[in-house]
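Step one of this worksheet: look at the structure below.
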Amino acid sequence: MSLLDNVWVVLALKLGIAVVVVFAVALVIMFAELKVSAHMQHRVGPYFAGGRWGWAQVFAEALKFLQKEDLTPRDADRPVFRLAPMVSLLATFAVIVIIPLSPKLVAVDLDLGIFYALAAGSVSTIAILMAGWSSGSKYSLIGGLRAGAQLIAYELPLVLAVVGVVIQAGTMSMVGITEAQAQPLFHLGSVGISLPYVLAGQIVGFVIFMIAVLAELVRIPFDMPIAEQELVMGYLTEYSGIRFTMFLLGEYAGMLAMSAIAAVLFLGGYHFWGLNADWFGPFVLLGKALLLVFVMIWFRWTWPRLREDQLQSLAWRWLVPLGLANIAVTAVLKVVL
Amino acid sequence: MSEPEAPGAAPAPEAPAPEAPPSAAARWAALAGSSEFSDAFRTAKVRVPRERWVEAHRALKPHLPFFGWLSAVDWSNEVAVGDPVEGGPVEERYEVLSRLSDVTAGEAVILSTDLPPDDLRLPSLTAVYTAADWHEREAADMFGIVFAGHPNPVRIYLTDEFVGHPLRKSYPLLAREVKPWPGAVEVTPLPAAEPAPGESGEGSG
Amino acid sequence: MTAPTDRDLLAVHRSEAAVSVELVTPEMTLNIGPQHPSTHGVLRLVATIAGERLEKVQPVMGYMHRGYEKLAEVRTYAQINALVNRIDWVSGFANEVPFILAAERLMGVEAPERAQYIRLILTEMYRISNHLIFLCSFPAELGAPTPLMYALRERERVLDLVEGVTGGRFHPNFNRIGGVKPAAGGGSTQRTRSQDLSQGFIDGTRRAMAAVRAVCDDLEGLVLGNEIVQQRTVGIGVLPAETAIEYAVSGPNLRASGVPFDLRRVEDYLPYDRFDFDVVTMPNGDNYDRCRVRLEEIRQSARIIEQALGSLPGGPLQAKVPRVIKVPRGECYVRAENPKGEMGYHIVSGGGRRPYRVKIRSASFCNLAVLPWLLEGALIPDVIAILGSLDFVLGDVDR
Amino acid sequence: MSLGDWIGQSENLVFLAVGVVMLAAGFWVVTSRNLVHAVLMLVVALAGSAALFLLLGAEFVAWTVVLVYIGAVVVLFLFGLMITRAPLRRDPLPLDHRRRWPAALVAVAVFATLAYATTAFFGWEQGEAVERSLTGDLGELLFRRFVIPFEAVSFVLLAALIGGIVLARKDPRE
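Protein chains in written order, with my numbering: chain A, 1256 to 1592; chain B, 1404 to 1608; chain C, -6 to 392; chain D, 19 to 192.
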């Protein structure tokens, strides 16, 4: 019994650390969005808070959100309305748990790691639908509907893109996939050269994965469910104060989580040529993930938004067939090579 | 876009008066079937009787397809705000104006008709010019003119509870009555300048 | 009002189930506005939607109706001039021009050449400013906020120059009957080289025009060249020429439908006939063309301004007018090519210091009338895009 | 094995707790007057079944339940409900209660059939505990031994899919 208790204690500790780290990085990403967008638009961005570069801006905003009134509209379905942000945040954290930071630093290493991540991530759809419906506002409802349609459409390409990687690596474990990418692919003289999957056959999968991730995260150019100019923030319209903050945090934590997963699946995870994964692993992985996050921010501030039907046709006409073709090619190559 | 090739401009030489080419207003008046027109201030204006209002528009439409605007003037000797017309009383009536133009050469005319103040009804132009829709709703709001046959005769600017028709001369400007506009004394001579003759001298305190 | 019991609702439910065997998507009435990020002010669209498609839409206006036509009856001409540049606040000066021209025509006064040139330059600068606002707000409505900053930065330069001359940015109130206002310390109507233009205005304007052209090139590449923008605009909100004329759409919206009608060419008002510029038209009349037309018009306006700066005549700023402006009896309508379309004033003068009646023909009001036609059957995202592409200002709609 | 021993094992305690939650959620699903609430309770019930699979060590099946049933099927349910007749206000949508007894009968019959089939096939003996993941075995079973039933089911599902599209699609001539 005491051992079991210990396991739970350890797990709780790990989870606590994970939550703190994720919050910290999410705040960094928020700040990066403020600054990056500002520089892309010839602005300075946050400047005063904290004295230098406005580094305290995100904390100031977090405080502002926390002290705002937590409103629940009269027509809202109270329990569902209040539960939705928590479900959203929970789903995101459930994904983050399985990301391996180094060969030894893994909160949970599941056999089915990536499969679990996809399953946990799909729960966030429910949270969005809950938020959209329970707000009692037509704009929220339309936003929720759009989100539902969009997330269903992009779940499939996401899974298909992952399947290619799984076939090539021969495992679903996140650690296993990372290690598979560290295996020497070919030899130059006596030196074995390893390549991350994005360079070793899964470039199509990577592109599909990233597009689907953008859609899953409801980021521009796929942010129709919140579409401020059309739906006045869609399913977020009625949220305020701490619950809005939870959605916001969920978005940035989700960006981090999905980028980290993409880094594990396609960019070699914690491995980087010549760096000791045990020591530098966490930084390498974080660096790769933040690079992808930067790309997401970059897209956000340069592109307009697609229309819902255009997004659907992109998913079904291009991404799904491409994903299937990718799987077929990968499977054939796996057998042949 | 192609067919209204401004025929108003081309047949000008064939017009009856040989010594002076007839004014644009005369040509439009002939087309609209009216003999009352004026060309003052480079603004061609043709008066038609109320009965011929829609017909006149229909006759002009092939030449002037662009419906600029429609509005009205409340000619009244008793005014609640502003100045009455100088130089004697006017014939009390509501004058409805509509401006038509083309989209090639800038040919244009204002059609006008008179309504007696106690019978503000006029057939709607919406069947001829679609664009008249909102303008007629506005005129109905502002002057209380009833446009018979309008497809959507709801108020456009004012709320449903609003009483009165603000652009009638009998409608007071309440804000003005509560607090007189300083415009009454607005002309103050510059300190250096000598007081100008006329009203400004009276206005300066 | 008592709440319906479950039993009542059940009865309704059963009868519905009996009538409609298949599940139909219920129609929903969506109020877009009056408080909405994309309605350019307080416009309300009562839309009947099925799914995301608009079945019918009814614009509701009047939230900003300020009664300018009534106010004009109690104000002198100079005071009305300060009023009318608030109609379309994005292009303030351009609102003043047709009003002053109408008053001048009734009085038989003509402004001196230099004043006319200054009017023309300022009008074109406001046209640039207006179109830059369009070019930055339109992508923002498609979800791209960044062009906003690019376009607004150059607009600031233009407005700074305007401010240097007129002292105002949005509401210059710079026109006077018979000319324009002499700048600071002025007051003389006779000074030949008067202090009308601020120091460095000409050079500054030339530089600003170069910057405006540069930002136009940027926007052409980054906004109009963007595939997503093209997907969202090409073939969307098509307004054929016949419909545009039928609904009396004017200005860039009309020219985007392929009708080469520009009052600067047609009407004889400011010395436009001395300058070389193109009337820009586009063939398709969709959102994309409405965007392109405005982009090109910025370039043409820059062309006009550069020519006008090169041939700016000297001379007085003001014609001789009586100290107290009294306009003789009569009526006339003067229209001008405003940034948004045909703007005109029908002034009926009773012979006094105040007009008897002023009818304001504003471009946005007439351009907006085509909205229900354009929006029928559109998807909600396209509704916002079409709305934005028409470029209206609610002050110009409601007056 | 006495009841005390049975309860003494922590897995059984968890099983009991999950079972109770599932039962309560299931009851809520059929009694709730709010369709959306009912569907959300269905999510709880499905999550419970995923938890049960986890207890059994069948990770793959558990995550499949989450991914397919919660992530896709329920989302589709909610989507369909919201687009048709989910009430935006809080007033409950009156559901038809006339056929509740036949429905209960069908439910009991299904339960009895499944319970009988399970006990008849596996018996009451305790199965051997499995230590490793069953994913590989599951794959072997599906694609070797049961490949023909598997393909047949896929075919039926495809037919159902096409049928659904045909039914839902309105004739443009109408």
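Each residue gets a CB set at the ideal place from its N, CA and C atoms; glycine is no exception.
Proximal residues of chain C, C-beta to C-beta of residue i below 8 angstroms
i: F1550 of chain B; result: Within chain C, no residue comes near F1550 of chain B; the closest Cβ sits about 15 angstroms away, beyond 8 angstroms.
i: Q1436 of chain A; result: Under the 8 angstroms cutoff, chain C gives no residues; its nearest Cβ is about 33 angstroms from Q1436 of chain A.
i: P1559 of chain A; result: P132, L135, G136, A137, N219, I221, V222 and R225
i: R1572 of chain A; result: Those do not exist, as R1572 of chain A stays about 14 angstroms from chain C at its closest Cβ, beyond 8 angstroms.
Beta bridge counterpart(s) of residue i as assigned by DSSP
i: A52 of chain D; result: Residue 52 of chain D is actually Asn in this sequence, not Ala. None, per the DSSP bridge assignment.
i: A43 of chain C; result: C:R46
i: W1478 of chain B; result: B:R1496
i: E1439 of chain B; result: B:R1450
i: D1563 of chain B; result: Looking at the DSSP assignment, D1563 of chain B forms no beta bridge with any residue, so it has no partner.
i: R169 of chain C; result: C:G172
i: K1442 of chain A; result: Position check: residue 1442 of chain A holds His in this sequence, whereas Lys was assumed. DSSP, once it has assigned bridges, lists A:G1447 as partnering H1442 of chain A.
Buried or exposed (CB count within 10 angstroms, at least 16 for buried), residue i
i: Y1497 of chain B; result: buried
i: P1598 of chain B; result: In this prediction, P1598 of chain B scores a pLDDT of 45, lower than 50, which makes its location untrustworthy; no coordinate-derived value is stated.
i: F139 of chain D; result: exposed
i: E192 of chain D; result: Its pLDDT being 48, under 50, E192 of chain D is placed unreliably in this model, and the value from its coordinates should be taken loosely. Its Cβ having fewer than 16 others within 10 Å, E192 of chain D is exposed.
i: G370 of chain C; result: exposed
i: E1288 of chain A; result: buried
i: Y87 of chain D; result: buried
i: T76 of chain C; result: Per the sequence shown, residue 76 of chain C should be read as Leu rather than Thr. Answer is buried; the Cβ neighbour count reaches 16.
i: E15 of chain C; result: Only weak support is given to the placement of E15 of chain C: the predicted model assigns it a pLDDT of 46, under 50, and the value that follows is read from those uncertain coordinates. By the neighbour-count rule (16 or more Cβ atoms within 10 Å), E15 of chain C is not buried but exposed.
i: L1473 of chain B; result: buried
i: D389 of chain C; result: buried
i: P1600 of chain B; result: The pLDDT assigned to P1600 of chain B is 43, lower than 50, so where the model puts this residue is not dependable, and the model offers no usable value.
i: Q1322 of chain A; result: exposed
i: M1341 of chain A; result: exposed
i: Q1312 of chain A; result: buried
i: Q1436 of chain A; result: buried
i: Y134 of chain D; result: exposed
i: L1546 of chain A; result: exposed
Chain C contact residues for residue i, given Cβ-Cβ distances below 9 angstroms
i: M1479 of chain A; result: G136 and P374
i: T1507 of chain B; result: V252, P253, F254 and V259
Within chain A, partners of residue i - CB distance below 7 angstroms
i: R146 of chain C; result: H1297
Amino acids of chain A, ordered along the chain, whose beta-carbon sits closer than 8 angstroms to that of residue i
i: P27 of chain C; result: None at all; the shortest Cβ gap to chain A is about 13 angstroms.
i: A90 of chain D; result: S1377, I1407 and E1410
i: V84 of chain D; result: A1374, A1375, S1377 and V1378
Contacts that residue i makes with chain B (C-beta to C-beta distance below 7 angstroms)
i: R354 of chain C; result: G1471 and W1472
i: Y240 of chain C; result: T1533 and A1534
i: A341 of chain C; result: Here residue 341 of chain C is Val; the residue named in the question, Ala, does not match the sequence. What V341 of chain C touches in chain B: V1476.
i: K63 of chain C; result: P1569, L1570 and L1576
Presumed contact (8 angstroms Cβ cut-off) between residue i and residue j, rounded CB distance
i: L404 of chain C; j: H33 of chain C; result: Past the edges of chain C, shown from -6 to 392, lies residue 404 of chain C, and the structure says nothing about it.
i: A1372 of chain A; j: I1353 of chain A; result: 6 angstroms
i: M100 of chain D; j: L1396 of chain A; result: 6 angstroms
Contact test: residue i Cβ vs the ligand GTP heavy atom, cutoff 7 angstroms
i: M142 of chain C; result: Ligands displayed in this structure: none; no statement on the ligand GTP is therefore possible.
Under 8 angstroms by beta carbon: chain B residues contacting residue i
i: C325 of chain C; result: A1443, F1444, R1445 and T1446
Closer than 7 angstroms at the beta carbon, the chain C residues around residue i
i: W1456 of chain B; result: Residues of chain C passing the Cβ test: none, with the nearest at roughly 18 angstroms.
Would you check if there are 3 or more beta carbon pairs closer than 8 angstroms linking the segment 1326 to 1335 of chain A to the segment 1488 to 1507 of chain A?
yes
With three or more C-beta pairs closer than 8 angstroms as the rule, is the segment 1401 to 1415 of chain A touching the segment 1348 to 1355 of chain A?
no
Contact between the segment 232 to 244 of chain C and the segment 152 to 164 of chain C: three or more CB pairs below 8 angstroms?
no
Would you check if the segment 204 to 212 of chain C and the segment 317 to 332 of chain C touch, i.e. whether three or more CB-CB distances between them fall below 8 angstroms?
no
Are there three or more Cβ pairs, one per stretch, closer than 8 angstroms when the segment 20 to 28 of chain C is compared with the segment 41 to 56 of chain C?
yes
Quick check: the segment 1386 to 1393 of chain A against the segment 1544 to 1562 of chain A, are there 3 or more CB pairs under 8 angstroms?
no
Determine contact between the segment 133 to 151 of chain C and the segment 209 to 229 of chain C, defined as no fewer than three beta-carbon pairs at a distance below 8 angstroms.
yes
Would you call the segment 347 to 357 of chain C in contact with the segment 279 to 286 of chain C, where contact means no fewer than 3 C-beta pairs closer than 8 angstroms?
no
Does the segment 1427 to 1434 of chain A touch the segment 59 to 77 of chain C, meaning 3 or more C-beta pairs lie closer than 8 angstroms?
no
Quick test of the definition: if touching needs 3 or more C-beta pairs under 8 angstroms, does the segment 72 to 87 of chain C touch the segment 289 to 304 of chain C?
no
Touching or not, the segment 1449 to 1456 of chain B and the segment 1510 to 1521 of chain B, by the rule of three or more beta carbon pairs under 8 angstroms?
yes
Stretch pair the segment 1465 to 1483 of chain B + the segment 1538 to 1551 of chain B: three plus CB contacts closer than 8 angstroms:
yes
Tell me whether the segment 26 to 42 of chain D and the segment 56 to 69 of chain D touch, counting them as touching only if at least three CB pairs, one residue from each stretch, are closer than 8 angstroms.
yes
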